[in-house]
Amino acid sequence: SAVCTLGGHAQRVRGEARSVYGGDCQQVPRGGATAFPNLPSGPVNIQPQRGKAVLWPSVLADAPHSEDERTDHEALPVTKGEKFVANFWIHQYDFKSPFAKVCQR
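Just so you know, the sequence shown maps onto residues 12 to 116 in this note's numbering.
Here you go:
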């Protein structure tokens, strides 16, 4: 998390990204899966499909300031074609306003 001094106290400005959304903009002929290696049921690879999306939580339900390592993920290499995705991170807090006011570099 970004840390900024507000009112003399270091505070986490943005909070964790509570949810992550990945939408695929096109079909990939080969490769390019999003891999989730730490799921309790075992690793899962999700192949990109045009117009499909995946939404997952990235924090623990009972500890919303703690990252849920089960949802660690990575983009696997595209072996044929190209992959274009749209990613959105849904944060716990408004992180733009504090940065605009006091955390500018």
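All C-beta atoms, glycine included, are put in the ideal place defined by N, C-alpha and C.
According to DSSP, is residue 80 helix, strand or coil? Numbered from 1 along the sequence shown, position 69 holds the residue referred to as residue 80. Three-state result, residue 80: helix.
Is it buried or exposed for residue 90, if we count other Cβ within 10 angstroms and need 16 for buried? By one-based count along the sequence shown, residue 90 stands at place 79. Under a 10 Å Cβ-count criterion, residue 90 is classified as exposed, with fewer than 16 other Cβ atoms of the shown protein chains found around its own Cβ.
CB contact flag (residue 42, residue 97, <8 Å): Counting from 1 along the sequence shown, the entry for residue 42 is found at position 31. Counting from 1 along the sequence shown, the entry for residue 97 is found at position 86. Not a contact, by the Cβ cut-off of 8 Å.
Please state the DSSP three-state secondary structure of residue 94. Looking up residue 94 in the sequence shown gives position 83. Coil at residue 94, not helix or strand.
Length-filtered (3 minimum) beta strand (DSSP E) runs lying within the region 38-76: The qualifying runs are 45-47, 55-57, 64-68.
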